[in-house]
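Asker:
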Amino acid sequence: MEFQRIDEKSFSGNVKLLKLLGLYPYSSCPKIYPFYAYTFYVLFTCPTPTLCMVNLFFVEEITLQRVANTFFMITQIGILIVKLLPFKNNPEGEVLVDKCVKTCKNIFHLFYAFCLATLFTWPLKALFNQEEGRRTLPAEVWLPFDAYEDITVYCAVFVFVWLCVANAAGGNAALDTLVAGLICHAATQVAILKDTLEDLARTVDDQIEEESEMMSEAEKNQLRSRTIYKKICECIDHYDAIDQFVKDLEKTYSFVVFTQFVASILVICISCLQLSIVKPFTVPFFAMVIFVTTMLTEIYLFCYYGTVLYEESDSIVNAIYMSEWYNYDNKSKKALITLMERAKRPMVVTAGKLLDLSLVTFTTIIRRSYSLLAVLKNYSN
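This is the structure we're talking about:
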């Protein structure tokens, strides 16, 4: 089976979006890419959270609503700055890989659709939530000039701020689904390893029947033992490769995911606070509902596929017991014991070495967000 370019099949949408945002190099233009990447980063990623922060020091009246709106934008777009730091063959296995490739594409398209819905409803929130007829921007930013008097200047600034938000939405969609997809691939490789171990005896017997018809029974048994031992050693190497892949994945993205979790707790509670303030069933209300749904989907993808990886790796020993290990020779049994000892500890991806990516962590985030929301709600009252 051809396993090459699985990454291109799984993450084609992510790569296209990352190239557009200057986060993935163009092989045809290697010299232009650094200039394009840094220009995009400076123009569209950094300004909005910085200007939102500066605006808090210059605004005359600071209200809880204004602080919530500003902090919300600083957290959601500012987190993208942290996320970009890491960037600066058998038939059964083929079925599992194809399923994983399709899953990676589906989660990218699903989450990207949520991000686009948030992106296009967010400016409507600013347009329909104007205070006393005064024009507003998608985010309250400090500007050294009056952007509200002249309609041309207002539209230009509005579009620029919206493009900064679009940059954050696209970056989050590409990077978050990339991490979730990589964890999904790790879980799929563990599933392939389990299938190989369970069907090892049958696979070897079929292979020997096809290739050694002229051998005696004793020679077949010797060949069978050697082949099984070789296959078990390959399974051990496969497990080590998966384990190293998971460690590299955690080393690269652990801090990124941790900052996303912290930001998610703050943003979800702030968004729910805004939901309790705005008038129900209005444009701002539905814009916030879509955004909260997007945020919950974002962290759910991390936690769900982290749980899948844990459960798959935790059942490797069961897969070995389901095989015909009792018919193997002592050398092969000892090799299986080595693999079982290695697999006793399930693979876990952590966020900042503090939180496991699991559905338990997801429920914990929801509870912490609700607790913080209750505190803010009491303060506002």
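Per the working numbering, the sequence shown starts with residue 26, numbered consecutively. We put the CB at the ideal spot given by N, CA and C, even for glycine.
In terms of residue numbering, what span does the alpha helix (DSSP H) encompassing Cys-328 cover?
Answerer: For the purposes of this step, residue 328 is taken as the residue at position 303 of the sequence shown. Per DSSP, Cys-328 belongs to the alpha helix (DSSP H) from 308-339.
Asker: According to DSSP, is Ser-37 part of a helix, a strand, or is it coil?
Answerer: As a position in the sequence shown, residue 37 is number 12, starting the count at 1. Correct three-state label for Ser-37: helix.
Asker: From Pro-50, Ala-312, Leu-274 and Tyr-49, pick the residue whose C-alpha is nearest to that of Phe-327; which is it?
Answerer: Mapped onto the sequence shown, residue 327 falls at position 302. Closest by alpha carbon: Leu-274.
Asker: Classify Leu-379 as buried or exposed, calling it buried when 16 or more other Cβ atoms lie within 10 Å of its own Cβ.
Answerer: Reading the sequence shown from its first residue, position 354 is the one you call residue 379. Counting Cβ neighbours within 10 Å, Leu-379 comes out exposed, since fewer than 16 surround it.
Asker: Using 8 angstroms as the threshold, is the region 304-313 in touch with the region 344-359, meaning 3 or more CB pairs across them?
Answerer: No: the two stretches stay apart, fewer than three of their Cβ pairs being nearer than 8 angstroms.
Asker: Assign Pro-74 to one of two classes, buried (16 or more other C-beta atoms within 10 Å of its C-beta) or exposed (fewer than that).
Answerer: The sequence position of residue 74 within the sequence shown is 49, counting from 1. Per the 10 Å Cβ criterion, buried.
Asker: So for Ala-288, helix, strand or coil by DSSP?
Answerer: Taking the sequence shown and counting its residues from 1, the one referred to as residue 288 is at position 263. If DSSP states are grouped into helix, strand and coil, Ala-288 belongs with the helices.
Asker: I believe Tyr-330 touches Cys-209 by the beta-carbon criterion, under 8 angstroms. Please report the beta-carbon distance rounded to the nearest angstrom.
Answerer: What you label residue 330 is simply residue 305 of the sequence shown in a count that begins at 1. What you label residue 209 is simply residue 184 of the sequence shown in a count that begins at 1. The pair is a contact, with the Cβ atoms about 5 angstroms apart (cut-off 8 angstroms).
Asker: Is the Cβ-Cβ distance between Asn-39 and Trp-167 less than 8 angstroms?
Answerer: Within the sequence shown, residue 39 is the residue found at index 14, counting from 1. Within the sequence shown, residue 167 is the residue found at index 142, counting from 1. No.
Asker: What residue does the alpha helix (DSSP H) around Gln-175 start on, and which one ends it?
Answerer: As a first step, residue 175 must be located in the sequence shown, where it is residue number 150. What sits at residue 175 in the sequence shown is Asp, not Gln. Looking at the DSSP string, Asp-175 is not in any alpha helix (DSSP H), and its letter there is neither H nor E.
Asker: So, using beta-carbon positions, are Ala-211 and Leu-334 closer together than 8 angstroms?
Answerer: The sequence position of residue 211 within the sequence shown is 186, counting from 1. The sequence position of residue 334 within the sequence shown is 309, counting from 1. Result yes, Cβ atoms of Ala-211 and Leu-334 sit closer than 8 angstroms.
Asker: Does the region 183-194 come within contact of the region 121-136, defined as at least 3 CB pairs closer than 8 angstroms?
Answerer: No, the region 183-194 does not touch the region 121-136.
Asker: Alpha carbon to alpha carbon, how far is Cys-54 from Met-365?
Answerer: Working through the sequence shown from its first residue, we reach residue 54 at position 29. Working through the sequence shown from its first residue, we reach residue 365 at position 340. Roughly 48 angstroms between the two C-alpha positions.
Asker: At the level of alpha carbons, what is the spacing between Trp-147 and Ala-312?
Answerer: To locate residue 147, count along the sequence shown from 1; it is residue 122. To locate residue 312, count along the sequence shown from 1; it is residue 287. So the alpha carbons of these two residues sit roughly 6 angstroms apart.
Asker: Find out if the Cβ-Cβ distance for the pair Asn-461, Thr-284 is shorter than 8 angstroms.
Answerer: Here the chain covers residues 26 to 406 and nothing more, so residue 461 does not appear.
Asker: Start and end of the alpha helix (DSSP H) containing Leu-364?
Answerer: For the purposes of this step, residue 364 is identified with residue 339 of the sequence shown, where counting begins at 1. First-last of the alpha helix (DSSP H) with Leu-364: 355-368.
Asker: How many angstroms separate the CA atom of Lys-127 from the CA atom of Lys-34?
Answerer: As a first step, residue 127 must be located in the sequence shown, where it is residue number 102. As a first step, residue 34 must be located in the sequence shown, where it is residue number 9. Spanning the two alpha carbons is a distance of roughly 9 angstroms.
Asker: Evaluate Asn-352 with the Cβ neighbour count: other Cβ atoms within 10 Å of its Cβ, from every protein chain shown; 16 or more gives buried, anything less gives exposed.
Answerer: As a position in the sequence shown, residue 352 is number 327, starting the count at 1. Exposed, since its Cβ has fewer than 16 Cβ neighbours within 10 Å.
Asker: Helix, strand or coil for Ser-394, going by three-state DSSP, please let me know.
Answerer: For this step, residue 394 is matched to residue 369 along the sequence shown. Of the three classes helix, strand and coil, the one that applies to Ser-394 here is helix, per DSSP.
Asker: My understanding is that Leu-248 touches Ile-233, with C-beta atoms under 8 angstroms, so please give their C-beta distance in whole angstroms.
Answerer: To locate residue 248, count along the sequence shown from 1; it is residue 223. To locate residue 233, count along the sequence shown from 1; it is residue 208. About 6 angstroms separates the two Cβ atoms, so the contact holds.
Asker: As a quick exercise: from Ala-243, Phe-82, Lys-56 and Gly-47, pick the residue whose alpha carbon is nearest that of Val-67.
Answerer: Here residue 67 is taken as the residue at index 42 of the sequence shown, counted from 1. The candidate whose alpha carbon is nearest that of Val-67 is Gly-47.
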